[in-house]
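Working notes, beginning with the structure itself.
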Amino acid sequence: MCASARVRGLEIAFTDEGVGIPLVLLHAFPLNRTMWQEQVEALRDICRIVAPDMRGFGESAGSHGPATMEEMARDVAALLDVLHVERAVIGGLSMGGYVAFAFLRLFPERVAGLILADTRPQSDDEDGRRTREENARRALDEGMEPIASAMLPKLLSQATREGTPNLVARVRSMIVSAKPESVAAALRGMAIRQDQRDLLPHIEAPALILVGSEDELTPPRDAELMSSRIPHSQLKVLDGAAHLSNLERPIEFNAALLDFLRQAPVRV
Ligand code: MLT
12 MCASARVRGL EIAFTDEGVG IPLVLLHAFP LNRTMWQEQV EALRDICRIV
62 APDMRGFGES AGSHGPATME EMARDVAALL DVLHVERAVI GGLSMGGYVA
112 FAFLRLFPER VAGLILADTR PQSDDEDGRR TREENARRAL DEGMEPIASA
162 MLPKLLSQAT REGTPNLVAR VRSMIVSAKP ESVAAALRGM AIRQDQRDLL
212 PHIEAPALIL VGSEDELTPP RDAELMSSRI PHSQLKVLDG AAHLSNLERP
262 IEFNAALLDF LRQAPVRV
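When we follow our numbering, the leftmost residue of the sequence shown carries the number 12, and every step to the right adds one.
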């Protein structure tokens with residue numbers, strides 16, 4: 012079911028499908044909840060999947076000022092309240108993972124398990140923050156086409172770009188349909204996000220960490236760092252995928268999620 016709810020003063024659109032363990036899937040930047048379509052289809056028989064469009068993205072309304080990871084995490088918690096979901100497995104890819112970390116810090120008792128895909132716990136350094144601001148201005152001044160052209164080679168591997176034009180077109184269309192003001196707000200929010208490395212050894216929930224072997228934005232060494240520090244974690248490297256591993260390797264990605272949800276001691 013696709014729906015929307017008034018959450019913390021904003022209309023937030025979301026997918027809510029399936030029955031079973033509640034699983035929240037948080038999308039990457041600057042995409043939207045439709046990036047999880049293959050996961051929704053594969054998991055809806057064993058999970059209740061809640062996949063929101065983060066504030067400003069997809070069909071959700073945006074706000075003024077930087078869209079911080081904490082604001083987005085509070086949106087997710089308030090949406091779960093509306094849906095009467097107390098605890099859930101919280102999963103996110105890249106920016107979605109940053110929001111999952113923020114959610115965990117704010118609401119640890121609501122996290123039954125964690126899925127951290129192509130993401131990292133480190134905050135941005137000074138260069139990273141400067142680049143975010145340049146990109147925010149570029150999106151506002153020039154629109155999303157140049158951002159899409161610059162991002163695609165980083166999001167998808169060369170083999171994916173050459174071999175699956177439909178997927179390239181789908182990702183491009185998600186990027187170019189994003190609103191420049193929301194993109195700038197999320198870039199500014201990511202630039203000031205908290206470093207989460209200190210949190211890792213204290214994570215009690217079971218965690219599944221996924222990464223594409225060719226991911227250059229959040230490379231396998233970031234995934235290894237998380238897996239070495241999170242006590243109950245398992246790491247799955249998806250061969251040949253770059254940053255959007257759920258889209259590039261949906262069969263392997265879904266199999267890893269299914270194994271994790273069936274075997275890990277996920278308590279809801
Ligand atoms: C994403 O895919 O969400 C972005 O690459 C995250 C980031 O820019 O740090």
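Just so it is clear, CB atoms sit at the ideal spot from N, CA and C, and this is done for glycine as well.
May I ask you to report which of helix, strand or coil DSSP gives R66? coil
Using a Cβ-Cβ cut-off of 8 Å, state whether V248 counts as contacting chain D. You won't find chain D in this structure, because it holds only one protein chain.
Close beta carbons around L115, own chain, < 6 Å, minus the five adjacent residues each side: The residues are V122.
Between M106 and the ligand MLT, is the CB less than 7 Å from at least one heavy atom? yes
Enclosing beta strand (DSSP E) for I158 [first to last residue]: Unbroken run through I158 is the alpha helix (DSSP H), 156-166; no beta strand (DSSP E).
Less than 8 Å between the CB atoms is what I'm expecting for A62 and W47, so what's the real figure, rounded? 5 Å
Can you give the beta carbon distance from V194 to I158, rounded, assuming they're within the 8 Å contact cut? 7 Å
Taking buried to mean at least 16 other C-beta atoms within 10 Å of its own C-beta, is A128 buried or exposed? buried
Does the Cβ-Cβ distance between E259 and A267 come in under 8 Å? No, the Cβ-Cβ distance between E259 and A267 is not below 8 Å.
Give a single yes or no on whether M201 has its beta carbon closer than 7 Å to a heavy atom of the ligand MLT. Because some heavy atom of the ligand MLT lies under 7 Å away, the Cβ of M201 counts as near it: yes.
State the CB to CB distance for the pair G200 and T79, rounded to an integer number of angstroms; the pair is presumed to be in contact (CB under 8 Å). 4 Å
Go ahead and pull the three-state DSSP assignment for F25. strand
Using 10 angstroms around the beta-carbon of K247, count the other beta-carbons present and answer buried if the total reaches 16, otherwise exposed. buried
L37 and V96 closer than 8 Å at C-beta: Judged by beta-carbon spacing, V96 lies beyond the 8 Å limit of L37, meaning their Cβ atoms are not closer than that value.
Rounded Cβ spacing between L21 and A72 (contact assumed at less than 8 Å): 5 Å
Within 7 Å: the Cβ of F68 and any heavy atom of the ligand NAP? As presented, the structure is devoid of the ligand NAP, carrying the ligand MLT as its sole ligands.
Please state the DSSP three-state secondary structure of G108. helix
Below 7 Å, is the gap between the Cβ of F40 and the nearest heavy atom of the ligand MLT? Shortest gap from the CB of F40 to any heavy atom of the ligand MLT: under 7 Å.
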